[in-house]
Amino acid sequence: MTEPTIYELSSPGRRGVRYPDSDVPQAPLPTDFIRKDLPMPELSELDVVRHFTNLSKLNYSIDGGFYPLGSCTMKYNPKVNEQTARLPGLAFTHPLQPVETVQGDLALMFELQEWLKEISGFASMTLQPAAGAQGEFVGVMIIRAYHLSRHDTKRKKILIPDSAHGTNPATSAMAGFDVVGVPSDARGNVDLEELKKVCDDQVAGLMLTNPNTLGLFDENVLEVIKIVHEAGGLIYGDGANMNALLGIARPGDLGIDVMHFNLHKTFSTPHGGGGPGSGPVGVAKHLADFLPAPIVDIIEEGDEDTPPLYGFVTPSKTIGRVKSFYGHFGMLVRTYTYIAMHGPDGMRKIAENAVLNANYLLSLVRDKYHLAYDRICMHEFVVEGHWGDAPEVHALDISKRLMDYNFHPPTNYFPLIVPEALMIEPTETETKQTIEAFANALNKIADEAHSDPQLLKDAPHNTPIGRLDEVRAAKELVLCCWMPEQNA
Amino acid sequence: MFVPHTDTEREEMLRAIGVDSLEKLFEAVPSKYRFPKLDLPKALSEMEAMQQLSDLAFANESARDLVSFLGAGAYNHYIPAAVDSIISRGEFLTAYTPYQPEVSQGTLQAIFEYQSLITSLTGMDVSNASHYDGATATAEAAVMAYYNFRGRRNKFVISPSVNPQYRETLRTYLQGHDKIALVGDAKDADPLLKPEDLYGLIDEDTALVIVQYPDFFGRIFDYTALAQKAHEVGALLAVVINPIALGMLKTPGEFGADIVVGEGQPLGIPLSFGGPYLGIFATRSDFIRKISGRLVGETVDGQGRRGYVLTLTAREQHIRRERATSNICTNQGLIALASTVYMSLLGKNGLRQVAELCYHKAHYAAEKIGSIPGFDLCANAPYFHEFMVCCPAPVEEINSLLLEQGILGGYDLGNDYPSLKKHMLIAVTEMNSKEDIDALCEILEEVNND
Chain G
282 MTEPTIYELS SPGRRGVRYP DSDVPQAPLP TDFIRKDLPM PELSELDVVR
332 HFTNLSKLNY SIDGGFYPLG SCTMKYNPKV NEQTARLPGL AFTHPLQPVE
382 TVQGDLALMF ELQEWLKEIS GFASMTLQPA AGAQGEFVGV MIIRAYHLSR
432 HDTKRKKILI PDSAHGTNPA TSAMAGFDVV GVPSDARGNV DLEELKKVCD
482 DQVAGLMLTN PNTLGLFDEN VLEVIKIVHE AGGLIYGDGA NMNALLGIAR
532 PGDLGIDVMH FNLHKTFSTP HGGGGPGSGP VGVAKHLADF LPAPIVDIIE
582 EGDEDTPPLY GFVTPSKTIG RVKSFYGHFG MLVRTYTYIA MHGPDGMRKI
632 AENAVLNANY LLSLVRDKYH LAYDRICMHE FVVEGHWGDA PEVHALDISK
682 RLMDYNFHPP TNYFPLIVPE ALMIEPTETE TKQTIEAFAN ALNKIADEAH
732 SDPQLLKDAP HNTPIGRLDE VRAAKELVLC CWMPEQNA
Chain L
4 MFVPHTDTER EEMLRAIGVD SLEKLFEAVP SKYRFPKLDL PKALSEMEAM
54 QQLSDLAFAN ESARDLVSFL GAGAYNHYIP AAVDSIISRG EFLTAYTPYQ
104 PEVSQGTLQA IFEYQSLITS LTGMDVSNAS HYDGATATAE AAVMAYYNFR
154 GRRNKFVISP SVNPQYRETL RTYLQGHDKI ALVGDAKDAD PLLKPEDLYG
204 LIDEDTALVI VQYPDFFGRI FDYTALAQKA HEVGALLAVV INPIALGMLK
254 TPGEFGADIV VGEGQPLGIP LSFGGPYLGI FATRSDFIRK ISGRLVGETV
304 DGQGRRGYVL TLTAREQHIR RERATSNICT NQGLIALAST VYMSLLGKNG
354 LRQVAELCYH KAHYAAEKIG SIPGFDLCAN APYFHEFMVC CPAPVEEINS
404 LLLEQGILGG YDLGNDYPSL KKHMLIAVTE MNSKEDIDAL CEILEEVNND
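Chains G and L, in that order, are what the protein sequence lines are.
Heads up: the first sequence begins at 282 in the working numbering, then just goes up one per residue.
Heads up: the second sequence begins at 4 in the working numbering, then just goes up one per residue.
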């Protein structure tokens, strides 16, 4: 069952790919710089293809089944996106080519900026950030730069509600801020009284995840924004949950100052086993000059006969660059394709049906699972994976048992404010039948938890491998393998 | 478009929820801003979308339509067909971060093999599961060094011959830390300085010295003495590498480097107008617990079967929250997989062969260009597959001339280094035939005759 490693499959002298012989005279090698050995595996092409095909079969994936991982928006990734991103005219352009030769790339980026601005209600957009976490970093650095540009140097605090995403505190610390938590109220909204207590002239901003990680839209969102603005702070919107808001509300309209998107969540670009993501950042007008450089713009207006000339510009007070070149272009092509195929009505339909699916699933499991905050949810919801009368069973056991029913588990133990959290996000692309089958499995597991808890404790039973010894992994720390002869 | 529900199903679902319309689900949203009318183009069918994207692609001239001598951080290499075939498998493409190891062994073992291959290639003890790209991996090296000294060392020495975009990214990453000083690449610094010119900047307050190998100008230097200088005062050395060069060149590990970072794009990743690429990050075992980003480790299940898990997760943002040193959540999963398949296919001999093809072709090109009157090779050191040429005319003009003949010329170093106006950086890979190089030289000869 265990697949050997690529090193164990190696056989000296085997080749997986051949190159043409050199057609130029040999230059003398720089002998002082030549490495003695390159201890890498040697395999045939079939060895390699079979190995990775075998490995792929050990994975759960959206293509293979339902993946209700809360906060990750594991929706279907349309196949056409993969084809458009691979069009040779797009896939093989070098980022430093003269702009005249890459007008297609630049037009695509420009138009995508415009679309994302329209969808979110922001005045300006950068496509550069490599992932949501980097988008957050950009947003917080923009907040920092904004205050410094006004010589307002005392603003050292970033407020973070306890229902925000886990990256927010780390991001704020990276940008040099102190983090101050804000609790939620009994309905899962930001607690307004507590918020007022910590809003003073040292507040740089508040990072708002809305809908929050409980899957709830903050009913006082306008009030939250007003309180922070009145204290002179800015509002950072965590756009990870934007799937619930497409065509429903524009964060910019609500008064949010800066927000990142997760294109790999909301706009269907594949998660790829953990990346690449893409995290464009939108800002209100007063922050446009701080965006990372460069951004795409029209550098020569067109007319009826000639299209405009697109190029790069540097915002006047830019925070600088956060990565090489212009962003994860391949992900931008996929996003462009996805938005082009949806149009305005399609956008709203995505959010409506994501929210419909979440509420339908919630309605099917609410009798068996305790709901921390009992409200209409948005695109996801959180239940407690624990029962007082089955004390030995935990959220993790439920998750592992779900694998036996051929489902990917929900997100576990997040958000931290719900004990034994199971965070469930079905997305709009799943059928009613799939949601019902998943609800049946969850409900059956709730029964098993009471009748045969050991069945859950020992789960999963039907996966390629059983529960793994994570303590041993962290203690013995085997982080790579070697060529067999090196082990000697 | 990808929503499967029929009207009947939708009604059944609403009834089960206990509301009579979809609109009722959104009452928490302030009514004033609810359901905005979006001004987006009308929805296209798949067929129309494909046509629209094809039109955009057609508006470009790609490095595959042209003969390319452009590098400067992104390189045009051949990608064997099996690479894309493997990463296109839905089992890899549409999985997420392997939080649940029992159903993610494919991704986990592939990352473990990636870590192993990077370790072998760089001569270091340990590699993480990757960062976003070479620029952010370089910035993460500085962040790691900063926290390694618990903020007590505030000086970072960086050579001006490190990729300018990496240096810019590093500056952005360190902006939030007021005390940190970044020295070595000041505007008046000689961009072509040698490693020994950095010695004077390294002192007891230095956390990290950063150099590139081959450097941005393609030159290769032995950094052994530089590593010793850094270590003498307790500082660390980070070396930015090109992975293809390590197919033949000595590893930074042999020089005594503490951290190796680099752009993994040359390992089977399409140019794709600048991304997504791959940030290589490897280090010595002393720093294992200080690495940011994901790590995969080997372990066993209850029955003693070998398996892989994400490990040392206690370092990460979702556990340590504001005490984490990085907010990174993902790695470049699929891109790291592509490079793993690429390195596996080429193997020991293939990697060496590609490196040598690049080396020989670059040297053929350099020698030939250097013999054209008016063009000077200014490399005063050995070089790998990229070299600097001093030109008799502005680089932009020469490149326009080349483009008319279907050639994508080299990078204009004057963009980043005011003292290097009229200097072009030319990259040559296995994709460039002798005919391509000869054609380039023929046009360059005309430049001088004008």
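The beta-carbon is built from N, C-alpha and C at its ideal position, and this holds for glycine as well.
Please read all numbers here as calculations on a predicted model, not as lab measurements.
Taking a cut-off of 8 Å on C-beta distances, the stretch 334 to 341 of chain L touches the stretch 104 to 118 of chain L, as three or more cross pairs fall below it. By the Cβ test, the stretch 226 to 239 of chain L is not in contact with the stretch 336 to 345 of chain G, since fewer than three Cβ pairs between them sit closer than 8 Å.
Under the Cβ criterion of 8 Å, Trp-396/G is counted among the residues facing chain L. The C-beta distance from Ala-241/L to Asp-225/L rounds to 16 Å, too long to meet the 8 Å contact threshold. For Pro-369/G, the enclosing alpha helix (DSSP H) begins and ends at 369 to 372. When the beta-carbon positions are compared, Gly-627/G and Met-4/L come within less than 8 Å of each other. At a cut-off of 8 Å, the C-beta of Thr-490/G has no neighbouring C-beta in chain L. Those residues of the stretch 167 to 194 of chain L placed with their C-beta closer than 8 Å to a C-beta in chain G are Gln-168, Tyr-169, Glu-171, Thr-172, Arg-174, Thr-175, Tyr-176, Gln-178, Gly-179, His-180 and Asp-181, ordered along the chain. For Leu-404/L, the closest of Val-450/L, Ile-291/L and Asn-418/L by C-alpha to C-alpha distance is Val-450/L. When beta bridges are read from the DSSP output, Met-540/G appears opposite Gly-518/G and Gly-563/G.
Selection Glu-504/G, Phe-418/G and Ser-465/G evaluated against Ser-453/G yields Phe-418/G as nearest (Cα-Cα). Straight through space, the alpha carbons of Glu-711/G and Leu-645/G are spaced by roughly 15 Å.
For Thr-407/G, the enclosing beta strand (DSSP E) has its first and last residue at 405 to 407.
Thr-172/L and Lys-630/G have their C-alpha atoms some 39 Å from each other.
In this structure, Gly-250/L keeps its C-beta atom at 8 Å or more from the C-beta atom of Gln-231/L. For Gly-265/L, there is no enclosing alpha helix (DSSP H); the residue is part of the beta strand (DSSP E) that begins and ends at 262 to 266. The alpha-carbon separation between Asn-491/G and Gly-518/G amounts to approximately 7 Å. Within chain L, His-363 have C-beta atoms less than 7 Å from the C-beta of Gln-307/G, given in sequence order.
Counted as a single uninterrupted DSSP element, the beta strand (DSSP E) harbouring Arg-309/L occupies residues 309 to 313.
According to the DSSP assignment, Met-684/G belongs to no beta strand (DSSP E) but to the alpha helix (DSSP H) extending over 676 to 685. For Asn-693/G, the pairing in a beta bridge is given by DSSP as Leu-703/G. Our two residues, Asp-206/L and Glu-323/G, have alpha carbons roughly 44 Å apart in a direct line. Residue nearest to Pro-745/G within the set Glu-105/L, Asp-191/L and Thr-254/L is Glu-105/L (criterion: CA-CA distance). By the Cβ-count criterion, Val-752/G is exposed, with fewer than 16 other Cβ atoms from all chains shown falling within 10 Å of its own Cβ.
With a contact defined as Cβ atoms closer than 8 Å, Met-406/G and Leu-397/G qualify at about 5 Å.
Look at Lys-424/L: its C-beta is not under 8 Å from any C-beta on chain G. Here the stretch 425 to 443 of chain G lies against the stretch 458 to 475 of chain G, with 3 or more beta-carbon pairs under 8 Å apart.
Closest in alpha carbon position to Asp-302/G, among Glu-448/L, Cys-444/L, Lys-437/L and Ala-384/L, is Lys-437/L. Counting along the chain, Thr-354/G sits inside no beta strand (DSSP E), nor does DSSP assign it H or E at all. Within 8 Å of the CB of Pro-596/G, no CB atom of chain L is found; the nearest one sits about 13 Å away. For the pair Asn-383/L and Leu-423/L, the Cα-to-Cα distance works out to about 15 Å.
In this structure, Ala-132/L and Gln-118/L form a Cβ contact; the two beta carbons are roughly 7 Å apart against a cut-off of 8 Å. Unbroken alpha helix (DSSP H) runs of no fewer than 4 residues, entirely contained in the stretch 201 to 288 of chain L, are found at 227 to 235 and 255 to 258, following chain order.
Taking 8 Å as the upper bound on Cβ-Cβ separation, chain G lies near residues Ser-275, Phe-276, Gly-277, Gly-278, Pro-279, Tyr-280 and Ile-291 of the stretch 275 to 291 of chain L. Against Arg-155/L, chain G offers no close residue; the least beta-carbon distance is about 17 Å (beta-carbon pairs closer than 7 Å). Excluding its 5 nearest sequence neighbours in each direction, Phe-606/G has C-beta neighbours in its own chain below 7 Å: Pro-376, listed in chain order.
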